[in-house]
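Just so you know, this note's numbering puts 73 at position 73 of the sequence shown, and the rest follows in order with no gaps.
Quick reminder that beta carbons are idealized off the backbone N, C-alpha and C, glycines included.
Being a predicted model, the structure only gives us computed values, none of them experimental.
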Amino acid sequence: MMLPSLSHKELKRYSRHLLIPEVGLEGQQKLKAASVLIVGTGGLGSPISLYLAAAGVGRIGLIDYDRVDYSNLQRQVIHATSMVDKLKVNSARERLLDLNPEIQVEIFDQILTSENARQIVKEYDIILDGTDNFPTRYLLNDLCVLTGKPYIYGSIFRFDGQVSVFDARKGPCYRCLFPEPPPSGSVPTCAEGGVFGVLPGVIGTLQATEAIKLILGIGEPLIGKLLLYNALDQSFDYVKLRKNPHCKVCGDHPEITDLIDYNDFCGVPGIQSEIIHLDEGYEITADELEQILKRNTELCLLDVRKPHEAKISNFSKTKQIPLDELNSRLSELNPDEEIIVFCRAGIRSKQALDLLIKAGYRKVRHLKGGINQWARSIDQSIPIY
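What follows is the structure, given as structure tokens:
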């Protein structure tokens, strides 16, 4: 393949790369010729895209369907306060081109699905995962196995992160490590469990490093290895991974030969739906709850958040049982009393509602949108977090 030439301006921009023998002029030309797709422009996507753009990767694709939220700014460093409520892909593209106008940035304001994935990724050499949900991870893995592309995986939660390079042509794939997804709701997302602000910077930069190494053909990529990072003790550990001959997508006799319904496979609702479908009788809006409280109706406001969250915002009188303790503390609840379950944004309260209904509670509803929605529409003195 004929490598693209570099202008005088580019030679000056990348001069510190050119001085490294392992990169040099030819390596920088390889970076310019390369194309990467970054799925997600949030915590991980921010450092991934910033460093790949700065390094001179010639063509960068960004896919995300979300808008910049004020709560993103603690860790999603590609976005600025001025971009709140703007599409993340537009915000990211503007920042990347300001950082390096010599590159090409393509954006996809949509959700990656089994229907559009092949079309979107076909023009890119490497796929980088900046997401935080299992359906997309399995989709990316299967897609990369089926199309023969490397998949650079990253995952973060609170103080812990993971990185690996899955390339079924040379080693195991993501399914070799995780053949089946965890039970729906058993693993909280960053929105539910939180994330240490600098952690995505560490993990995302490592992912970007792996991409650059693959493009240049230098070093030893994390193929067949899972890097584990903990920010609290600043430790890096490695787990050796082996290819599973019985893997359903990359094994000796694969069962998955095309993309499937990954939301169904992972047992979760579609990503486009922020609200799990429930019988209307089991859901209550902030406005409806306000009217009930005005009538001084006897009820139990059940807070299923963690105790430290209750210190941020709360109602005047609540019962606090964290979701992960609820099953063992059901005896503390009166099944004859009306129970309104709430959390931060209505995600954990839905899980609690399902648990309570299965346990035989019938006078129970959950607050749609959580206490954050109450703060938005009813009581602006309560902070949103």
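| Query | Result |
| --- | --- |
| Residue span of the alpha helix (DSSP H) that contains Tyr153, given as start and end | Note, Tyr153: premise wrong, no alpha helix (DSSP H); beta strand (DSSP E) at 151-157. |
| Residue span of the alpha helix (DSSP H) that contains Lys213, given as start and end | 199-216 |
| Cβ-based burial, His8 [other Cβ within 10 Å; buried from 16] | exposed |
| Cut-off 6 Å between Cβ atoms - residues of its own chain near Gly43, not counting five sequence neighbours on either side | Arg75, Gln76, Pro200 |
| Buried/exposed call for Val165, threshold 16 Cβ in 10 Å | buried |
| Beta-carbon separation (whole angstroms), Cys247 vs Phe134, contact threshold 8 Å | Rounded, the Cβ-Cβ distance is 17 Å, inconsistent with contact. |
| Touch test, the segment 49-62 against the segment 102-119, Cβ-Cβ under 8 Å, three pairs minimum | yes |
| Simplified DSSP assignment, three categories, for Leu112 | coil |
| Cβ-based burial, Gly130 [other Cβ within 10 Å; buried from 16] | buried |
| Proximity winner among Ile218, Arg137, Lys213, relative to Pro182 (alpha-carbon distances) | Arg137 |
| Gln351 - containing beta strand (DSSP E), residue span | First-last for Gln351: 348-358, but that is the alpha helix (DSSP H), not the beta strand (DSSP E). |
| Ile260 - DSSP class collapsed to helix/strand/coil | coil |
| Alpha-carbon spacing of Ile339 relative to Gly369, whole angstroms | 16 Å |
| Simplified DSSP state of Ser35, which is helix, strand or coil | strand |
| Three-state secondary structure assigned by DSSP to Arg137 | helix |
| Assumed close pair Ala367, Ala286 - CB separation to whole angstroms, cut-off 8 Å | According to the sequence displayed, residue 367 carries Leu and not Ala. Contact flag correct, Cβ pair sits at about 7 Å. |
| Cβ-based neighbour list, Pro4, same chain, cut-off 8 Å, excluding 5 preceding and 5 following | Gln29, Lys32, Ala33, Gly58 |
| Unbroken alpha helix (DSSP H) run spanning Leu73, endpoints | Counting along the chain, Leu73 falls outside any alpha helix (DSSP H), and DSSP gives it neither H nor E. |
| With 16 other Cβ atoms within 10 Å as the buried cut-off, status of Ile20 | exposed |
| Of the residues Leu226, Ser155, Ile212, the one placed nearest Ile126, counting alpha carbons only | Ile212 |
| Beta-ladder partner(s) of His366, from DSSP | Glu283, Val341 |
| Buried or exposed (CB count within 10 angstroms, at least 16 for buried), Arg362 | exposed |
| For Cys266, the three-state DSSP class (helix, strand or coil) | helix |
| Rounded distance between the beta-carbons of Gly171 and Ile223, thought under 8 Å | 4 Å |
| Endpoints, beta strand (DSSP E) assigned at Gln162 | 160-166 |
| In DSSP terms, what Arg67 is bridged to | Leu87 |
| Sequence-distant residues of the same chain with beta carbon closer than 6 Å to Tyr14, five excluded per side | Gln28, Gly56 |
| Cα-Cα separation between Ile156 and Glu26, rounded to whole angstroms | 34 Å |
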